[in-house]
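Encoded as structure tokens, the structure appears first; notes follow it.
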Amino acid sequence: MTETFDPDWLQLREPADHAARPEALATALREALAGAGSAVIRVTDLGSGTGSNLRYLAPRLPRPQHWRLVDHDAGLLAQALAPCAGVEIERQRCDLASDPAVALAGDEALVTGSALLDLVSREWLQRLLAACSGQGAAVLFALSYDGRMRWSRPHPLDADVEAWVNRHQRSDKGFGPALGPAAAATCAEQLEALGYRVQVAASDWRIGVEQAALGAALIEGWVGAAAAIRPERAGDLQAWGDARAQALAAGTVELTVGHQDVLGWR
Ligand SMILES: C[S@@+](CC[C@H](N)C(=O)[O-])C[C@H]1O[C@@H](n2cnc3c(N)ncnc32)[C@H](O)[C@@H]1O
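When you read off a place in the sequence shown, starting at 1, and then add 797, the result is the number in our numbering.
Right under this line is the structure:
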């Protein structure tokens, strides 16, 4: 079972993703890469989609850069473009599910991904990080959902929805049993065990009335995920989703969605 992602959803989330990312990690990465002393910084972006991670990171890192964008979805890859001068891109269509290392060229200074790690399994991540470590690459995985949905005003079903969505997050997304909310903590732990210096920072989404369309799409996905775990509660879940989406659109509630970014470097 392989996950596909709607380009409209990726476009909708991109402003919230970029606003959420901690500048401190990009600064630490820039310093680590500047110290590496290579002429062209070679980057591989796993599960790149249309290139959101490229659009965020490339302007913040030393140039020239060469990016390999890797995804199994040719339609998403085709939409990616170099975001600024001094950045060259290459697209590679590849299914990463069975072996993460197949996507690495072996000469990357940085292996990165955004909104990917919560889909993968512990074993998959271990194999990827061992390969990165073997070639001395820095690693940055951004925007892994960490299991927190926090509403500024409570609803009686919030805790159940969070628990059921988080259980659904652990189901197989094509890479084996998914890490889901444990992704960032597991990544940090595995990097430390490999001898990396590690920095973790929150990249939470803050969703208010101005991001109500993103909130509505997110809530729709959560209602579906929670109903897959508890089908007998589908009616209650739909009522919860309608109430939450209406309140976001009316500006009477705000939502924080927990994410974490993990940087590892030598
Ligand atoms: C949540 S999206 C994130 C996309 C992009 N990194 C971003 O931040 O907008 C996850 C990405 O992983 C890709 N993906 C999922 N399973 C994959 C697989 N087995 N092999 C390669 N790419 C995969 C999807 O096509 C999608 O582009």
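Using N, Cα and C, we set each Cβ at its ideal position, and we do this for glycine too. Keep in mind the model is a prediction, meaning the values are calculated, not measured.
Secondary structure within the region 941-985: the alpha helix (DSSP H) runs of 4 or more consecutive residues, fully enclosed, are 955-966 (chain order). Linking A882 to L807 through their CA atoms gives a straight-line distance of about 24 Å. Less than 8 Å divides the Cβ of Q862 from the Cβ of A855. For a cut-off of 8 Å, the C-beta gap from F938 to D1058 is around 7 Å, short enough to register as a contact. Secondary structure remark: continuous beta strand (DSSP E) runs of at least 3 residues inside the region 874-940, in chain order: 884-890, 907-911. Leaving aside the five residues that flank S835 on each side, the residues in its chain whose CB is nearer than 8 Å to its CB run, in chain order, A906. Residue range 849-854 is occupied by the alpha helix (DSSP H) that includes L854, with no beta strand (DSSP E) assigned at that position. In the DSSP assignment, T1053 falls within the unbroken beta strand (DSSP E) covering 1052-1062. Residues A985, L988, E989, G1061 of the same chain have their beta carbon placed closer than 6 Å to that of V995, with the five preceding and five following residues left out of the count.
Counting C-beta atoms within 10 angstroms of its own C-beta, E811 has 16 or more neighbours from the protein chains shown and is therefore classed as buried. Linking R1003 to A829 through their CA atoms gives a straight-line distance of about 29 Å. With a threshold of 16 other beta carbon atoms within 10 Å, S949 falls short and is exposed.
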